[in-house]
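According to full-length UniProt numbering, the residues represented by the sequence shown are 1 to 765, in order.
For glycine and all other residues, C-beta sits at the position ideal for the given N, C-alpha and C.
On a predicted model such as this, the values are computed, not experimentally measured, just so you know.
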Amino acid sequence: MERAKGAFHYKLIRELGTSNSLGLGISAELHSRRHYSLISVTSNCGALIIQLPRAYGIYNFNANSERRIFREVFLWARILSGGCIQIIMAKMTTALSLLAVYFIITTSALNNEELLEQECPVDCHCHYFRVNWVTDCSDSNLTTIPYKELSHNVYILDMNDNNIADISPFPESIKLRRLQMAHNRLTELTYESFAGLTYLLDADFSYNAITRVDPEAFRDNPGLITLELQHNPLDEVEEPFLNCRTLLYLDLNSCGIWHLNTRFFYNTTNLNKLDLSHNPLEKIEPGPFDHLTNLEYLKLNGCNLTYISPEAFSHLENLRQLEIADNELKTLNWRSVLTPLVRLEHLDIRKTGITNLPGDAFAKNLYLLQLVLADNELWHLDVEDTLGHNLHSLQSLDLSNCNLQDRLSEEAFRNASKLRVLNLSGNPMFASDLTAVLRHLPKLHKLSLSNCSLRRLPDTFDVFEHLEELDISYNPLSDAFVSLLNPLSALEYLDMSYCGLGYVGTNTFAQMTFLKQLILSGNELHTLEEGLFANLTRLESLELNNCDLKAPLDPKVFGDRELTDIIELKLSGNPLIVPDEGSLLPTQLSKLEILDLSNCGISYLNEDIFATTNNLTQLNLSGNTISGVENLSSLKTLPRLEHIDLSNNNLCTIHPKILKANPRLLSINLMGNPFICNCSIAETWDWAVQEKGDLHVLVGSQLANFETGSVKRRKNLSCAYDEETYRNMIDGSQSTANRKHYPSQFTPSRTWAKYVRESNCNRRS
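Below is the structure:
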């Protein structure tokens, strides 16, 4: 551990210690202390001190921490170089074993704790995300980036979902940290396009038509850490793919790559995470990964692989997580391929066509903690022989949907004493076999037996003193099994959904006094027995979705208790008959905080419907047929409401007055409603900006998070002009003098953001 951390210190100082490294005139120095180390980063404008703890018993330092710390240091180094920022003392509280950083920003953009508005292009929406200026030009049908209208202080530029075919050079003084160009029409990435972006940390070009990436494209971006290129039809690469030694995360998922030359990653040697999934590689030969000695996470899912050379991973001794699911590796010599991966902790080989595994398959992977073998036809797998010899550290095993035909032997898990999580779902099982097998796993915390064709449960739950989660859903069970669950005194989670139950007896849960979450969804219960939940004194979450319940919960199901601790109730998909007056739920549920009434066919809500549950903080009414704002008057009884989902109803208009009694509201989801573009939308927008101080309150109004990953498109709040207004706009009223509009298609549909910009409503100042 000490050696690993020392290597990290050296690497960090090496990268930041000279001006030639970043080209930003930053210096760095390591200071050793008894219980921690200090890394000071300085420039002419200020200083940053990062304190790294050395108490390994408290702070778990590993290579993943290294990558994340490295990212933070580069980020702050960029900030130091970009403006006169003075960091008084380092104290950075993140999940990365860093202490928090107290800092004072003394740039001209921050005056008396007020962030000044920056320049914003006409066809874009701009806002601060924390203290960072974000320019959101997404989904605007633009054909070019509005370079001249961008603020030089823009931190994040979102150009996703446009029609941009090429990228011209950016202004020299721009301080862009993140560039998002997903879902455009780019065909190549060149050096000239990014030469001036010396502050760039993250770039996303996924879902374009890129066939070529200039190996020197990011030569002038010395701090680039993340690059997303997934879903682009890249041409074959016969040289090093990219010259970017600072890059830590590279996503090449679904890029049509069929061959990796031996020098493909030659100049990206610091990669920590690499995704090559869904490329038609077919085979992995020796060489391509030899330069990636720092790699910890590798994904090769869905690559049509039929062969992996025994030497393919010979230099990946630091690899911790390997995913090669959804391939055809039936004849692979698993031992020879996995032998070099001595630090492997997580292995996912689900759906790889394997029908058996030799007993020595994992002989050298002594630190393996999680193993996923799901969705393979392992008819005759000898569980004892494969798992019992070497995997003494194994904590989680997934054998779901493996079509296990041979009956499990009594000794199957005898040597897997550390197993905490076992998933056998989707395999035909006999209760008698499970009774013998599971007795060797007394330390299990989570057991999944969903869809195992069980008509009764194994009589073995008396050994599970620590079992906290049990999933027995999708089994044709009957009330006869109830007594077998009684010994589970520590059980906190029970899923009995879709078990074909038409009746649940009063004594079913009598002994489960520690139960916190109960799922009974998908059983046609129609009604619930008196006293059914009487003994569930610690129950916090109850799911009764799709149970064909027509009436709300009867108070008698809770016995004589006047109050319960239930804070979450899900009734989605029940054809509930809503009362014309009075409350929907009994007073025993007055502690309720989360209520799901989605897809219940509700079209009307009386104003007192939530009177007995006025502690609600989250309310889901999505997928109903609520049409008029008068049906939302019931919200006035919910002063603690923080989140409400009204998506996919029939609302044509909305007004902020209906939310006057909900001062704590943090989000309202109105997407999927047939809104008419009128001034009520502008008023609601102003309410979010001026009264709530955060547009994120309106779900779909703008981006909330900036994360790596393959899904880039997002749904927006939208409205449509009525026919008369639209006709008038077509006749010539659609443009305003002295406004430069970038080319875009004219349609009656508008995002709320775009409508607010072009509306003539008398808005609040």
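Query - Beta-carbon contacts of HIS440 that lie in its chain and below 7 angstroms, excluding the five residues immediately before and after - result: For the purposes of this step, residue 440 is taken as the residue at position 440 of the sequence shown. Correct list, in chain order: PHE413, ARG414.
Query - For HIS183 and PRO171, believed in contact at Cβ under 8 angstroms, the rounded distance - result: Residue 171 sits at position 171 when you count from the first residue of the sequence shown. Residue 183 sits at position 183 when you count from the first residue of the sequence shown. With 8 angstroms as the limit, PRO171 and HIS183 do not qualify as a contact, their Cβ atoms being about 24 angstroms apart.
Query raised in the report: Taking the alpha-carbon positions, what's the PRO656 to PRO121 distance?
Result: One-based indexing of the sequence shown puts residue 656 at position 656. One-based indexing of the sequence shown puts residue 121 at position 121. In a straight line, the C-alpha of PRO656 is about 28 angstroms away from that of PRO121.
Query raised in the report: Between LEU597 and GLY573, what straight-line distance do the alpha-carbon atoms span, to the nearest angstrom?
Result: As a position in the sequence shown, residue 597 is number 597, starting the count at 1. As a position in the sequence shown, residue 573 is number 573, starting the count at 1. When rounded, the distance between both Cα atoms is 8 angstroms.
**Report entry** DSSP-derived helix/strand/coil call for ARG750
**Finding:** In the sequence shown, counting from the first residue as 1, residue 750 sits at position 750. ARG750 falls in the strand class under three-state DSSP.
Query raised in the report: Should THR513 go down as buried or exposed, given a rule of 16 or more other Cβ atoms within 10 Å for buried?
Result: The residue you call residue 513 lines up with position 513 of the sequence shown. THR513 comes out exposed.
Requested in this report: Evaluate LYS175 with the Cβ neighbour count: other Cβ atoms within 10 Å of its Cβ, from every protein chain shown; 16 or more gives buried, anything less gives exposed.
Outcome: Sequence index remark: in the sequence shown, residue 175 carries index 175 (1-based). Classification for LYS175: buried.
Query raised in the report: Can the beta-carbon of ALA431 be found less than 9 angstroms from the beta-carbon of ASP462?
Result: In the sequence shown, counting from the first residue as 1, residue 431 sits at position 431. In the sequence shown, counting from the first residue as 1, residue 462 sits at position 462. Contact flag unset, no.
Query raised in the report: Of the residues ASN620, ILE658, GLY700, ARG561, which one's Cα is nearest the Cα of GLU607?
Result: The count along the sequence shown starts at 1 and reaches residue 607 at position 607. Minimum Cα distance to GLU607 is reached at ILE658.
Query raised in the report: Among ASN649, ASN662, THR625, which one has its Cα closest to the Cα of PRO634?
Result: Here the question's residue 634 lines up with position 634 in the sequence shown. The question names Pro, yet the displayed sequence has Ser at residue 634. Nearest of ASN649, ASN662, THR625 to SER634, Cα basis: ASN662.
Query - C-alpha gap between ASN451 and ALA490, whole angstroms - result: The sequence position of residue 451 within the sequence shown is 451, counting from 1. The sequence position of residue 490 within the sequence shown is 490, counting from 1. Cα-Cα distance, rounded: 23 angstroms.
Report task. Tell me, please, which residues DSSP counts as bridged to ALA720. Result -> Working through the sequence shown from its first residue, we reach residue 720 at position 720. In the DSSP output, where bridge partners are listed per residue, ALA720 has ILE676, SER749.
Query raised in the report: Near TYR755, which residues of its chain fall below 8 angstroms by C-beta distance, leaving aside the five closest residues on each side in sequence?
Result: For the purposes of this step, residue 755 is identified with residue 755 of the sequence shown, where counting begins at 1. So the qualifying residues of the chain are CYS677, ILE681, ALA682, CYS719.
**Report entry** Sheet register partners of TYR128 (DSSP bridge)
**Finding:** Within the sequence shown, residue 128 is the residue found at index 128, counting from 1. TYR128 is bridged to TRP133.
Report task. Starting from LYS283, follow its DSSP beta bridges and name the residues at the other end. Result -> As a working mapping, residue 283 is identified with position 283 in the sequence shown. LYS283 is bridged to TYR307.
Query raised in the report: Measuring from the CB of THR386, is there a heavy atom of the ligand FAD at a distance below 8 angstroms?
Result: The model on display carries no ligand, and the ligand FAD is accordingly not part of it.
Query raised in the report: Can you tell me whether DSSP reads VAL756 as helix, strand or coil?
Result: If you number the sequence shown from 1, residue 756 lands on position 756. The answer is helix: DSSP assigns VAL756 an H, G or I state.
Query raised in the report: Which stretch, first to last residue, makes up the beta strand (DSSP E) that contains ALA203?
Result: Walking along the sequence shown from the start, residue 203 turns up at place 203. Start and end: 202–204.
Requested in this report: Give the C-beta separation of ASN614 and PRO639 to the nearest angstrom, bearing in mind that I take them to be a contact with Cβ-Cβ under 8 angstroms.
Outcome: Within the sequence shown, numbered from 1, the residue matching residue 614 stands at position 614. Within the sequence shown, numbered from 1, the residue matching residue 639 stands at position 639. Correct: roughly 7 angstroms between the Cβ atoms.
Query raised in the report: ASN301: which of PHE289, GLY287, LEU274, GLY582 sits nearest, CA to CA?
Result: For this step, residue 301 is matched to residue 301 along the sequence shown. Of PHE289, GLY287, LEU274, GLY582, the residue nearest in Cα terms is LEU274.
Requested in this report: Using the Cα positions of ASP161 and ALA436, report the straight-line distance between them to the nearest angstrom.
Outcome: Looking up residue 161 in the sequence shown gives position 161. Looking up residue 436 in the sequence shown gives position 436. Rounded to the nearest angstrom, the two C-alpha atoms are 57 angstroms apart.
Query raised in the report: What number of angstroms, rounded off, separates the C-alpha of LYS740 from the C-alpha of LEU142?
Result: Residue numbering aside, residue 740 sits at position 740 when the sequence shown is read from its first letter. Residue numbering aside, residue 142 sits at position 142 when the sequence shown is read from its first letter. Caution applies to LYS740, whose pLDDT of 47 falls short of 50 and renders its modelled position unreliable; the value that the coordinates give is listed next. Going by the C-alpha atoms only, they are around 12 angstroms apart.
Query raised in the report: Buried or exposed: where does GLU581 fall if 16 or more other Cβ atoms within 10 Å of its Cβ makes it buried?
Result: The residue you call residue 581 lines up with position 581 of the sequence shown. When all chains shown are included, GLU581 counts as exposed.
Requested in this report: Have a look at ASN624 and THR725 and give me their C-alpha separation to the nearest angstrom.
Outcome: As a position in the sequence shown, residue 624 is number 624, starting the count at 1. As a position in the sequence shown, residue 725 is number 725, starting the count at 1. ASN624 and THR725: Cα-Cα distance of roughly 29 angstroms.
Query raised in the report: So, using beta-carbon positions, are GLU296 and ASN327 closer together than 9 angstroms?
Result: Within the sequence shown, residue 296 is the residue found at index 296, counting from 1. Within the sequence shown, residue 327 is the residue found at index 327, counting from 1. For GLU296 and ASN327, no; Cβs fall outside 9 angstroms.
Query raised in the report: Once you ignore the five residues that flank LEU576 on each side, which residues in its own chain have a CB closer than 6 angstroms to its CB?
Result: Mapped onto the sequence shown, residue 576 falls at position 576. So the list reads CYS600, once near-sequence residues are dropped.
**Report entry** Test item: CB-CB of GLN395 and LEU424 under 9 angstroms
**Finding:** Your numbering for residue 395 matches position 395 in the sequence shown. Your numbering for residue 424 matches position 424 in the sequence shown. No, Cβ-Cβ distance for GLN395 and LEU424 is not below 9 angstroms.
Requested in this report: Classify TYR36 as helix, strand or coil using the three-state DSSP reduction.
Outcome: By 1-based counting over the sequence shown, the position of residue 36 is 36. With a pLDDT of 42 at TYR36, under the threshold of 50, the modelled position of this residue cannot be trusted; read the value that follows with caution. Note: TYR36 maps to strand in three-state DSSP.
**Report entry** Extent of the continuous alpha helix (DSSP H) run through GLU192
**Finding:** For this step, residue 192 is matched to residue 192 along the sequence shown. Looking at the DSSP string, the run of the alpha helix (DSSP H) that includes GLU192 is 191–194.
Requested in this report: With DSSP collapsed to three states, give me the class of VAL578.
Outcome: In the sequence shown, residue 578 corresponds to position 578, counting from 1. VAL578: coil per DSSP, three-state reduction.
Query raised in the report: Out of ASP136, ARG350, THR211, which has the shortest C-alpha to C-alpha gap to GLU188?
Result: Reading the sequence shown from its first residue, position 188 is the one you call residue 188. Checking every option, the nearest Cα to that of GLU188 belongs to THR211.
Query raised in the report: Using 8 angstroms as the Cβ pair cut-off and three pairs as the minimum, do the stretch 690–702 and the stretch 116–136 touch?
Result: yes
Report task. Provide the residue(s) that pair with ILE681 in DSSP beta bridges, ordered along the chain. Result -> The residue given as residue 681 occupies position 681 in the sequence shown. Paired residues: none, contrary to the question.
Query raised in the report: Can you tell me where the beta strand (DSSP E) with VAL372 in it begins and where it stops?
Result: Within the sequence shown, numbered from 1, the residue matching residue 372 stands at position 372. First-last of the beta strand (DSSP E) with VAL372: 370–372.
Query raised in the report: Excluding the five sequence neighbours on either side, which residues of its own chain have a C-beta within less than 8 angstroms of the C-beta of GLU317, listed in chain order?
Result: Residue 317 sits at position 317 when you count from the first residue of the sequence shown. Same-chain partners within the cutoff: THR293, PRO340, LEU341, VAL342, ARG343.
Report task. Name, in chain order, the residues that DSSP records as bridge partners for ARG212. Result -> As a position in the sequence shown, residue 212 is number 212, starting the count at 1. BP columns for ARG212 point to GLU188.
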